[in-house]
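Numbering (numbering that gives the first Met the number 0), first residue to last: 0 to 342.
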Amino acid sequence: MSITLDDLFASPDHYLFIFDDDDAVFREMDREAYARSIFLDQRIEAASARGARVPIVPLLQHNQQRGGDAPEIGWIFHVAYCGSTLLARGIDRTDHSLVLREPAPLHQLAIEAAQTFAGEPANDGWIEGLRLQLAMLGRRYDADAPVVVKANVPVNFIIPELMALQPDAKGILLHFGLNDYLAAILRSDQHRDWIEMMAQELAPVIAIEAGPVDGLDTAQKAGALWLAQIRIYARALESWPQLRSLDAEALFTEPVEAIAAAAAYFGIAPASDNAITSLAAQYAKVPGAAFDNESRIARREENRVAVGPDIARARAWVDAAIRDRPLPERLANPLIGDGAPLL
Numbered sequence: 000m001s002i003t004l005d006d007l008f009a010s011p012d013h014y015l016f017i018f019d020d021d022d023a024v025f026r027e028m029d030r031e032a033y034a035r036s037i038f039l040d041q042r043i044e045a046a047s048a049r050g051a052r053v054p055i056v057p058l059l060q061h062n063q064q065r066g067g068d069a070p071e072i073g074w075i076f077h078v079a080y081c082g083s084t085l086l087a088r089g090i091d092r093t094d095h096s097l098v099l100r101e102p103a104p105l106h107q108l109a110i111e112a113a114q115t116f117a118g119e120p121a122n123d124g125w126i127e128g129l130r131l132q133l134a135m136l137g138r139r140y141d142a143d144a145p146v147v148v149k150a151n152v153p154v155n156f157i158i159p160e161l162m163a164l165q166p167d168a169k170g171i172l173l174h175f176g177l178n179d180y181l182a183a184i185l186r187s188d189q190h191r192d193w194i195e196m197m198a199q200e201l202a203p204v205i206a207i208e209a210g211p212v213d214g215l216d217t218a219q220k221a222g223a224l225w226l227a228q229i230r231i232y233a234r235a236l237e238s239w240p241q242l243r244s245l246d247a248e249a250l251f252t253e254p255v256e257a258i259a260a261a262a263a264y265f266g267i268a269p270a271s272d273n274a275i276t277s278l279a280a281q282y283a284k285v286p287g288a289a290f291d292n293e294s295r296i297a298r299r300e301e302n303r304v305a306v307g308p309d310i311a312r313a314r315a316w317v318d319a320a321i322r323d324r325p326l327p328e329r330l331a332n333p334l335i336g337d338g339a340p341l342l
């Protein structure tokens with residue numbers, strides 16, 4: 000059976016997996032495949048090996064012909080390694096929502112933006128690509144079931160462009176204070192390699208918010224990445240007051256309250272307290288692997304000792320970087336509680 004352009008725009012069963020040169024690659028999905036796909040990048044667990052390769056230009060043209068506003072999508076923005084997968088899985092309920100975790104095309108658009116028009120208005124072609132991605136992400140199995148997208152770090156740098164297309168969108172800005180962020184992000188060679196990759200790919204946009212990363216060591220680059228994202232979050236919360244901040248420690252310490260509040264915020268029927276408690280006792284990225292908050296705290300304390308000199312060096316760099324442009328004490332509009340100090 001052939002698939003039409005209308006089919007591609009109608010059903011989430013046709014998932015826009017990645018942009019590849021002049022084509023868009025689709026993978027075959029169903030609701031169960033979305034539920035088991037912890038991430039929708041190369042780690043996707045599709046419904047089958049089948050898919051389709053479609054030229055991008057006809058997709059862009061068809062989306063323009065369809066017209067209309069961007070679909071209603073909720074967002075989870077996060078600074079990485081701060082519980083976003085736990086939060087996303089906690090509100091992903093098969094009959095009540097569709098949560099899409101880290102779609103690769105959105106990442107691709109964010110990297111392109113960082114490297115081609117950092118600090119300048121986006122070009123029309125890129126905006127049309129973003130409109131196409133939003134149209135694909137906004138499809139749903141149940142018209143009354145909210146769609147929430149968990150983005151990844153590069154997407155933080157295009158929050159203004161996203162919100163310009165959907166100014167009433169809801170979103171949670173999940174974050175760590177600086178010291179906890181550094182303890183989480185510097186804890187292994189793999190994490191440090193990730194920092195170096197992000198610093199390289201996002202260098203132009205990090206420079207706008209925090210200063211150049213050239214010449215910084217890995218710990219200082221981590222500090223710069225954190226500072227850049229927090230500044231973006233602070234502005235977003237002021238510009239779009241319907242957005243909410245969430246301190247990661249509050250999520251880990253009170254997962255039932257935080258996840259229930261997130262579900263209510265997005266208009267999703269909450270899972271049971273027992274279901275959330277069970278989820279929070281596992282490593283969210285590896286379902287079934289035991290890892291509760293006590294385990295996380297123990298690891299955090301070990302990390303603080305192991306990377307203590309790095310934390311101090313990064314903290315000193317951030318302190319100097321904010322001397323003439325201070326941060327707020329904490330982010331505004333907390334989802335629960337009063338928020339937590341950033342520094």
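We treat Cβ as the ideally placed atom computed from N, Cα and C, and that holds for glycine.
Because the structure is a prediction, the values reported are computed rather than measured.
For the beta strand (DSSP E) holding residue i, just list the boundary residues, first then last.
{"i": "residue 27", "result": "22 to 27"}
{"i": "residue 98", "result": "97 to 100"}
{"i": "residue 146", "result": "146 to 149"}
Provide the residue(s) that pair with residue i in DSSP beta bridges, ordered along the chain.
{"i": "residue 295", "result": "Residue 295 pairs with nothing; no bridge assigned."}
{"i": "residue 272", "result": "According to DSSP, which records beta bridges pairwise, residue 272 is partnered with nothing at all."}
{"i": "residue 76", "result": "172"}
{"i": "residue 244", "result": "172, 333"}
{"i": "residue 15", "result": "25"}
{"i": "residue 51", "result": "25"}
{"i": "residue 289", "result": "281"}
Might you give, ordered along the chain, the residues of its own chain that have their beta carbon closer than 7 angstroms to the beta carbon of residue i, omitting 5 neighbours on each side?
{"i": "residue 134", "result": "8, 62, 70"}
{"i": "residue 90", "result": "96, 98, 147, 258, 261, 262, 265, 267"}
{"i": "residue 336", "result": "249"}
{"i": "residue 269", "result": "259, 262, 263"}
{"i": "residue 122", "result": "116"}
{"i": "residue 0", "result": "In this predicted model, residue 0 has a pLDDT of only 48, less than 50, meaning its place in the structure is not dependable; the value taken from the coordinates is given anyway. Around residue 0: no qualifying Cβ."}
{"i": "residue 144", "result": "95, 96, 97"}
{"i": "residue 83", "result": "75, 77, 149, 173"}
Under 9 angstroms between the Cβ atoms of residue i and residue j?
{"i": "residue 73", "j": "residue 154", "result": "no"}
{"i": "residue 95", "j": "residue 172", "result": "no"}
{"i": "residue 283", "j": "residue 88", "result": "yes"}
{"i": "residue 244", "j": "residue 332", "result": "yes"}
{"i": "residue 211", "j": "residue 114", "result": "no"}
{"i": "residue 156", "j": "residue 247", "result": "no"}
{"i": "residue 17", "j": "residue 118", "result": "no"}
{"i": "residue 209", "j": "residue 226", "result": "yes"}
{"i": "residue 55", "j": "residue 12", "result": "no"}
{"i": "residue 255", "j": "residue 276", "result": "yes"}
{"i": "residue 339", "j": "residue 329", "result": "yes"}
{"i": "residue 313", "j": "residue 181", "result": "yes"}
{"i": "residue 138", "j": "residue 10", "result": "yes"}
{"i": "residue 149", "j": "residue 205", "result": "no"}
{"i": "residue 217", "j": "residue 318", "result": "no"}
{"i": "residue 326", "j": "residue 233", "result": "yes"}
Residues in the same chain with beta-carbon distance under 6 angstroms from residue i, minus the five sequence neighbours each way, listed in chain order, please.
{"i": "residue 102", "result": "39"}
{"i": "residue 316", "result": "219, 222"}
{"i": "residue 230", "result": "208"}
{"i": "residue 36", "result": "43, 44"}
{"i": "residue 279", "result": "254"}
{"i": "residue 85", "result": "283"}
{"i": "residue 303", "result": "182"}
{"i": "residue 151", "result": "101, 106"}
Along the chain, where does the alpha helix (DSSP H) that runs through residue i open and close?
{"i": "residue 6", "result": "4 to 9"}
{"i": "residue 57", "result": "55 to 65"}
{"i": "residue 154", "result": "Premise fails: residue 154 is in no alpha helix (DSSP H) and is neither H nor E."}
{"i": "residue 220", "result": "217 to 238"}
{"i": "residue 188", "result": "188 to 200"}
{"i": "residue 318", "result": "307 to 320"}
{"i": "residue 265", "result": "254 to 265"}
{"i": "residue 211", "result": "Counting along the chain, residue 211 falls outside any alpha helix (DSSP H), and DSSP gives it neither H nor E."}
{"i": "residue 130", "result": "123 to 136"}
{"i": "residue 35", "result": "30 to 35"}
{"i": "residue 326", "result": "That residue, residue 326, is in no alpha helix (DSSP H); it is neither H nor E in DSSP."}
{"i": "residue 180", "result": "177 to 184"}
{"i": "residue 84", "result": "83 to 89"}
{"i": "residue 93", "result": "Segment: none, residue 93 is in no alpha helix (DSSP H) and carries neither H nor E."}
{"i": "residue 111", "result": "103 to 115"}
Counting only the same chain and skipping the five closest in sequence on each side, list residues whose C-beta sits under 8 angstroms from that of residue i.
{"i": "residue 125", "result": "108, 111, 112, 115, 116"}
{"i": "residue 242", "result": "169, 170, 171, 172, 235, 236, 332"}
{"i": "residue 58", "result": "4, 7, 23, 131"}
{"i": "residue 2", "result": "13, 51"}
{"i": "residue 214", "result": "none"}
{"i": "residue 34", "result": "91, 93"}
Should residue i be flagged as near chain B, meaning a C-beta pair shorter than 9 angstroms?
{"i": "residue 311", "result": "The structure shown contains no chain B, having only a single protein chain."}
Evaluate contact between the region 164 to 171 and the region 90 to 104, counting only Cβ atoms and requiring at least three cross-stretch pairs below 8 angstroms. no
Can you confirm whether the region 190 to 209 touches the region 221 to 228 when touching is taken to mean that 3 or more C-beta pairs between the two stretches lie within less than 8 angstroms? yes
Can we say the region 47 to 54 touches the region 22 to 36, given the rule of at least three CB pairs closer than 8 angstroms? yes
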